[in-house]
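Chemist: All residue numbers in the sequence shown are consecutive under our numbering, ending with 1682.
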Amino acid sequence: MKYIISIIRILFLGLFLFLVSNGKMMLWLALFAVSLIAALLFGRVYCGYACPMNTLMIPTEWLSKKLKLQSMKTPKWLLSGRFPWFALIGSLAVMLLAKRMLHKNIPILLIWLAVSVIITLRYKPAVFHNLICPFGVLQKLFGKHAKFSEKVNKDSCIGCKLCEKVCPSEAIEVKSIDKKAEIQTSLCLQCTNCQQVCPKNAIHYSK
């Protein structure tokens, strides 16, 4: 499963680079728009499988840990949760103004790709996923009440917290009251990292 998911991510990254390099950025944005509709049913599968930023953030996080660059702290000014919306509005404004006034297409997706890598060199991936990404904030909104998502069978869960440790978006928390894991659907990237490490097979993608 892990290798299949990695191959899917690499293929989508290749498609992204192909479209952007050939001036077809709007096709990728159309794919993103379709993924928002899909998120209503299937959750944030775009973030977990298709997003080029997430794909590059995975090896970046590994490198950051190896070089001991990663900070576990989160910048306080991001905690309000407003920044992704400002980033989204700002990105759209820059694209539209550049097109209208300069008659140029600003490679906004490539810019955010670079930002995601730089941020992940210093901070844990959840900082970018949850508090910075202008595309993730829309996925979060549309996927909040997804019909299908990763779910925890609390009868099987032993509260070992292994799933917490591997979740890139900090969507999983083992509650102190009952010592059972709980997944926040709006944050879950549907990446199956939690499934892969669960020793009791307590996590499944289901209604």
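We treat Cβ as the ideally placed atom computed from N, Cα and C, and that holds for glycine.
None of these values were measured; they are calculated from a predicted model.
#1: Using a Cβ-Cβ cutoff of less than 8 Å, which residues in the same chain neighbour K1622 once the five nearest sequence positions on both sides are dropped?
#2: Give the straight-line distance between the Cα atoms of L1613 and S1631, rounded to the nearest whole angstrom.
#3: Note down the Cα distance separating S1624 from Y1680, rounded to an integer number of angstroms.
#4: Where does K1622 fall in DSSP's three states?
#5: Hey, out of A1601, L1538 and A1525, whose CA is closest to L1490's CA?
#6: For M1528, collect the residues of the same chain with a Cβ closer than 6 Å to its Cβ; drop the 5 residues on either side in sequence, then sort them by chain order.
#7: Anyone know if the C-beta pair for C1635 and C1669 falls short of 7 Å?
#8: Select from R1597, S1566 and S1661 the residue whose C-alpha is nearest the C-alpha of I1583.
#9: Give me the residue from P1534, P1600 and I1658 with the minimum Cα distance to A1549.
Modeler: Let me lay it out:
#1: L1515, L1516, F1517 and K1682
#2: 33 Å
#3: 5 Å
#4: coil
#5: A1525
#6: L1588 and S1591
#7: no
#8: S1566
#9: Here the sequence assigns Thr to residue 1549, which means Ala is not the residue at that position. For the residues P1534, P1600 and I1658, the minimum Cα distance to T1549 belongs to P1600.
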